[in-house]
Ligand SMILES: Cc1cc2nc3c(=O)[nH]c(=O)nc-3n(C[C@H](O)[C@H](O)[C@H](O)COP(=O)(O)OP(=O)(O)OC[C@H]3O[C@@H](n4cnc5c(N)ncnc54)[C@H](O)[C@@H]3O)c2cc1C
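In my numbering, the protein residues as written are 1 to 493.
As structure tokens, then:
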């Protein structure tokens, strides 16, 4: 197969993903020959160090994994009672065997670091395919049920060509076909031709490529990565969403996406202290001390080096001594995170299938976009879930509501799409990431200019205190970015 053919294949799979509305959630198959795989730590270091890793999300787990394998004495301190952080598969309060994703929704076959672990652990991948029944749209007041291959009349003031292209064709025309090929090489982000993309918002980028305002609206309403197009760095979009996630086929893990962090944590054995909330990190002449709330009291742990992997805004809740440099503090304050709220409605069965509707929906309604979860092999008689995902400023508003009130509101909205929902509804669950004290938001979401201004400061070590986490990676907002950042910090240490 020559490179042209490979390109065409990967472009096809890209379109498949954007049709799934999964734009920014994964990538890598886009320019397969250009994928950049960062090296792992290979050999045992000569002098073992005592290292504390703060946070057992994917960044912390990958740092701990590398350092433990290299022969260091590692301890992980984690505030929650589970590993995985923002990779969070939720099983309760749902019916037995039913689960859904509160956080990261999909991996991508372009995630080289994730795949290394997934393959080594023998975890089963389930490719995400386009549904073979209708996708529902509710856009500009019009409900559309689009069956595979059916032509849709998009209710937007589009040019004739844009009308023909539809959402995935628009992304193909204005983004995929126009980005420099080096987007498959994330470490090139601070060089031309990539770096200038940081000056542009996604919206400006689209306009520059000739997209009409209506086309931008349609992309915004149907593509996850375009939730706040005027406030998204064109560079982050290009490298993380287009270059990585959309570069290959997305997949989920059987039994939930948390199978990866859980298995990593299990194999790290007993080096993770759960229910341990870090409050302060102090770099002294003879090492670093970390003060924590644990078991109802205050404790202090000591190490030669510390790697801090807590989410961007959580860094502001930890007291660092000496104080963090002003450039790092400004980066932590100024780089935005995106608000994401998911509302899950369990129903007695996937009743929507009876109308030959897939349950997948893209809307400009308050309910956002909808994903169905059907885990049972006998769905006709078993409960299922419809999940609403709202991203952007309205997600923060939803989180201020009482949870039950929110469930009722979302159910009322879903009725516009699935009129029989009241007869089938059993229970609801809400996950608001901005209200979660150990996340304080969804993933980091640099605005135009933020990557060039702040990324290096976010990565920068502060004496013996090192930093990792998705927000320190150009591959922001991805599990892969988190894993690679952990390896980078482990190498520094
Ligand atoms: C709603 C949503 C959807 C997403 N969708 C996708 C997707 O489809 N695909 C994809 O690749 N990525 C997705 N992401 C992004 C992905 O989940 C993250 O990039 C990645 O999981 C971040 O890992 P991390 O280790 O950097 O941070 P985290 O996973 O947040 O880990 C940080 C850890 O630090 C702990 N911690 C916090 N404060 C303290 C403290 N004071 N003391 C001790 N421990 C503390 C936290 O509990 C947490 O376990 C999504 C994220 C969200 C929120």
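Glycine residues also receive a C-beta, built at the ideal position from the N, C-alpha and C atoms.
For residue i, name the three-state secondary structure that DSSP assigns.
i, result
"residue 95", "coil"
"residue 287", "strand"
"residue 369", "strand"
"residue 319", "strand"
"residue 314", "helix"
"residue 500", "For the chain, the structure presents residues 1 to 493; residue 500 sits outside this window and is missing."
"residue 21", "For residue 21, the predicted structure reports a pLDDT of 45, less than 50, and the residue's modelled location is therefore unreliable. The matter cannot be settled from this model."
"residue 176", "helix"
"residue 309", "coil"
"residue 1", "Any reading at residue 1 needs caution, since the residue's pLDDT is 37, under 50, leaving its predicted position unreliable; the model's value is listed next. DSSP places residue 1 in coil when its eight states are reduced to three."
"residue 32", "Annotation note: pLDDT 30 at residue 32 (below 50); position unreliable, coordinate value reported separately. Helix."
"residue 38", "Because residue 38 carries a pLDDT of 45, less than 50, the predicted location of this residue cannot be relied on, and the following value inherits that uncertainty. Coil, per DSSP."
"residue 79", "coil"
"residue 346", "strand"
"residue 249", "coil"
"residue 452", "helix"
"residue 426", "strand"
"residue 335", "coil"
"residue 419", "coil"
"residue 166", "helix"
"residue 161", "helix"
"residue 229", "helix"
"residue 47", "coil"
"residue 208", "helix"
"residue 113", "helix"
"residue 26", "Only weak support is given to the placement of residue 26: the predicted model assigns it a pLDDT of 27, under 50, and the question is left unresolved by the model."
"residue 468", "coil"
"residue 341", "strand"
"residue 217", "helix"
"residue 294", "strand"
"residue 329", "helix"
Measuring alpha carbon to alpha carbon, tell me which residue in the options is nearest residue i.
i, options, result
"residue 469", "314, 351, 322", "314"
"residue 131", "372, 451, 454, 434", "372"
"residue 157", "179, 212, 413, 194", "212"
"residue 481", "51, 147, 57", "57"
"residue 424", "352, 396, 431", "352"
"residue 332", "395, 407, 188, 317", "317"
"residue 136", "283, 375, 399, 360", "360"
"residue 394", "228, 403, 171", "228"
"residue 309", "257, 362, 155, 479", "479"
"residue 144", "362, 386, 406", "362"
"residue 126", "190, 174, 253, 155", "253"
"residue 335", "441, 277, 141", "441"
"residue 435", "419, 467, 402, 412", "402"
"residue 215", "175, 488, 107", "175"
"residue 63", "369, 307, 173", "307"
"residue 343", "376, 410, 329", "410"
"residue 305", "257, 465, 121, 142", "465"
"residue 341", "122, 431, 61, 108", "431"
"residue 570", "105, 140, 417", "Since the first residue of the chain shown is 1 and the last is 493, residue 570 is not available in this structure."
Closer than 6 Å to a non-hydrogen atom of ligand 2 - does that hold for the CB of residue i?
i, result
"residue 269", "Ligand 2 is not part of this structure, which contains only ligand 1."
Is the segment 113-121 in contact with the segment 323-331, if contact means three or more CB pairs nearer than 8 Å?
Verdict: no, contact absent.
Closer than 8 Å is the cut-off here; do at least three beta carbon pairs connect the segment 227-243 with the segment 441-455?
Cβ pair count under 8 Å is three or more, so yes.
On the three-pair Cβ rule with 8 Å, is the segment 127-141 touching the segment 380-388?
Contact fails: fewer than three Cβ-Cβ distances are below 8 Å.
Completely contained alpha helix (DSSP H) runs for the segment 377-417, where each covers 4 or more residues:
Whole alpha helix (DSSP H) segments, 4+ residues: 393-400, 403-414.
Would the segment 56-72 count as touching the segment 201-212 if we require 3 or more Cβ pairs under 8 Å?
Contact between the segment 56-72 and the segment 201-212 is absent, with fewer than three C-beta pairs closer than 8 Å.
How about the segment 453-462 and the segment 85-102: do they share at least three Cβ pairs that are nearer than 8 Å?
Judged by Cβ distances under 8 Å, the segment 453-462 makes no contact with the segment 85-102, as fewer than three pairs qualify.
Cβ pair count under 8 Å reaching 3, the segment 279-294 against the segment 149-163
Not touching, per the Cβ criterion.
Take every Cβ of the segment 416-435, pair it with every Cβ of the segment 249-263, and state whether three or more of those distances are shorter than 8 Å.
Segments in contact, no.
Check whether the segment 263-276 and the segment 74-86 touch, using three or more Cβ-Cβ pairs below 8 Å as the test.
Taking 8 Å as the limit for Cβ pairs, the verdict is that the segment 74-86 does touch the segment 263-276.
Per the contact definition of three or more C-beta pairs closer than 8 Å, is the segment 408-425 in contact with the segment 338-355?
Segments in contact, yes.
Between the segment 235-245 and the segment 94-104, do three or more beta carbon pairs fall short of 8 Å?
Counting Cβ pairs under 8 Å, fewer than three are found: no touch.
Pick out the complete beta strand (DSSP E) segments inside the segment 117-150, 3 residues or longer, and give them in chain order.
Fully enclosed beta strand (DSSP E) runs of 3 or longer: 125-127, 134-139, 142-146.
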